[in-house]
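S.K.: Residue numbers for the sequence shown follow the numbering used here, beginning at 177 and rising by one.
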Amino acid sequence: MTHPRKRIDRAFLLATILLVIVGFFIFSSASLGLLARGKVQFSTVAVSQLLFGVGGGMIALATMANIHYRRYRAWAPYLFGAALVLTLLVFVPVLGYEAHGARRWLNVFNHSFQPSELLKITSVLCLAWYYSKYHRRLHDVRYALSGYFALLVLVGVPLLLQPDTGTFIIIAAAGLAMTVAAGVRVRYLLFLAGLLAVGLLTLAVARPYLLDRVMTFVNPSADPTGAGYQIKQSLIAVGSGSWFGRGFGQSVQKFSYLPEPIGDSIFSVAAEEFGFIGSVVIISLFMFFAVRGLAIGARIPDRFGGLVVVGLVILLVTQSFMNIGSMLGLMPLTGEPLTFMSHGGTSLLLALAGVGIVLNISRYRSAH
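(1) Please classify TYR273 as buried or exposed, where buried requires at least 16 other C-beta atoms within 10 Å of its C-beta.
(2) How many angstroms separate the CA atom of PHE464 from the CA atom of VAL489?
(3) To test your reading of the DSSP string, which unbroken alpha helix (DSSP H) runs of 4 or more residues are found completely within the stretch 392-422?
(4) So is THR239 buried or exposed if we call it buried at 16+ other beta carbons inside 10 Å?
(5) Taking only the alpha-carbon atoms, compute the straight-line gap between ARG541 and GLY487 and give it to the nearest angstrom.
(6) Taking only three categories from DSSP, how would you classify ASN499?
(7) Could you check the C-alpha separation between THR522 and PHE325 for me, to the nearest Å?
(8) How many Å lie between ALA446 and MET517 at the Cα?
(9) Excluding the five sequence neighbours on either side, which residues of its own chain have a C-beta within less than 7 Å of the C-beta of VAL196, listed in chain order?
(10) Assuming THR341 and LEU295 make a contact with CB atoms under 8 Å, what is their CB distance in whole Å?
(11) Output the distance between the C-alpha atoms of GLY138 and PRO339, rounded to the nearest integer angstrom.
(12) For TYR273, write down the residues that DSSP places opposite it in a beta bridge.
(13) If I measure Cβ to Cβ from GLY370 and keep anything under 7 Å in the same chain, skipping five residues before and after, which residues do I get?
(14) Count the other C-beta atoms from every protein chain shown that fall within 10 angstroms of the C-beta of HIS519, then say buried if there are 16 or more, exposed otherwise.
(15) Take ILE459 as the anchor and find which of SER427, PHE497, THR392 and PRO477 has the nearest alpha-carbon.
(16) With distance defined between alpha-carbon atoms, name the residue in TYR433, VAL394 and PHE393 nearest to ILE412.
(17) What separation, rounded to the nearest whole angstrom, lies between the Cα atoms of VAL317 and ASN286?
(18) Can you tell me whether ILE243 is buried or exposed? The criterion is at least 16 other CB atoms within 10 Å of its CB, across all chains shown.
(19) Just curious, the beta strand (DSSP E) that PHE289 is in, first and last residue?
(20) Could you check where the alpha helix (DSSP H) with GLN429 kicks off and where it finishes?
(21) For ILE453, tell me which candidate among SER416, ASP478 and PHE228 has the shortest Cα-Cα distance.
(22) Flag this pair as yes or no: are the beta carbons of THR494 and ILE297 separated by less than 7 Å?
(23) For TYR306 and GLY511, what's the separation of their Cα atoms in angstroms?
(24) Given a cut-off of 7 Å, decide if VAL390 and ALA382 are closer than it, judged by their beta-carbon atoms.
(25) At the level of alpha carbons, what is the spacing between VAL266 and LEU282?
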């Protein structure tokens with residue numbers, strides 16, 4: 177029998193803290209770009225990111241790190257159901273509101289709250305509950321794939337209606353990683369991969385704006401005032417950073433050219449100010465975060481705990497590399513924030529809560 181370790185995984189915690197610290201400095205610099213345009217007040221940005229995001233997030237991390245993860249197992253379906261209901265509430269006119277052509281936020285005491293961020297974490301908990309409950313029946317294709325498909329349908333309907341395709345893809349990627357880790361047979365995984373490919377193609381065709389983003393990725397000049405403009409300005413910022421960057425706070429692109437310097441373009445600001453070397457450091461931190469997290473998951477003797485770790489780590493890292501990839505022109509624009517760095521108090525708070533869950537699970541990893 178494996179006895180719980182008293183200490184959490186310090187290396188994983190250190191990687192998280194470094195990402196948050198680096199992220200806050202980059203965010204502080206990037207926010208000057210919007211402030212110079214007169215679009216936001218610094219107090220509004222600071223409260224959301226520093227107090228609610230960093231401060232509240234660290235409290236959430238410490239709290240979740242001290243709650244035994246097995247308590248979530250029985251409650252996982254109900255927590256998922258509650259998050260799903262909150263996500264659906266964005267369509268209620270009095271409660272939800274629309275911004276940038278999407279309806280993703282609830283107005284809570286004059287502060288915005290994005291319930292899909294909570295849906296991400298509870299989706300992982302629910303799917304881990306399903307695979308741990310039915311792990312002896314995964315040889316049957318009905319049990320092997322039905323849980324994953326049910327999750328895609330339940331989260332897909334509200335997210336694609338908002339629309340929030342990026343979050344849907346992130347949940348799908350985390351769920352797929354958990355399906356692999358659960359031990360589903362290879363032939364079922366190949367069948368699943370084929371269906372997902374068809375689904376993504378159908379989604380791109382059904383949603384003209386998604387197809388436009390793909391075409392812009394292939395040919396950025398196809399949309400010179402929209403996505404093509406953002407990619408062009410992002411690449412200019414990245415290229416301007418050269419090897420060592422312009423220096424902290426010295427980005428030029430953030431003032432007039434990058435559309436969302438504190439949002440999905442924040443990596444471009446970092447690359448311009450800290451150069452190729454700084455960009456490699458940031459990417460390396462995320463890589464270490466991913467490798468260390470998956471190593472924790474591999475050493476958890478409890479099936480539920482191991483799957484939760486895999487799901488949460490893939491969730492956070494997929495979002496990060498989707499953002500970085502789109503800013504470097506390596507994939508179509510998704511509009512997803514950079515984890516631990518982009519503006520979004522809800523996103524940062526719940527990302528750190530997810531890290532807290534992983535840290536709690538790390539107490540129970542086996543010695544080898």
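We put the CB at the ideal spot given by N, CA and C, even for glycine.
M.R.: Taking the coordinates as given:
(1) exposed
(2) 11 Å
(3) 403-416
(4) exposed
(5) 16 Å
(6) helix
(7) 27 Å
(8) 10 Å
(9) VAL230 and PHE516
(10) Going by Cβ atoms, the distance from THR341 to LEU295 rounds to 14 Å, so no, they are not a contact pair.
(11) Outside the modelled stretch of the chain, which goes from 177 to 544, sits residue 138, for which no answer is possible.
(12) TRP281
(13) none
(14) buried
(15) PHE497
(16) TYR433
(17) 47 Å
(18) exposed
(19) 287-289
(20) 429-432
(21) SER416
(22) no
(23) 30 Å
(24) no
(25) 6 Å
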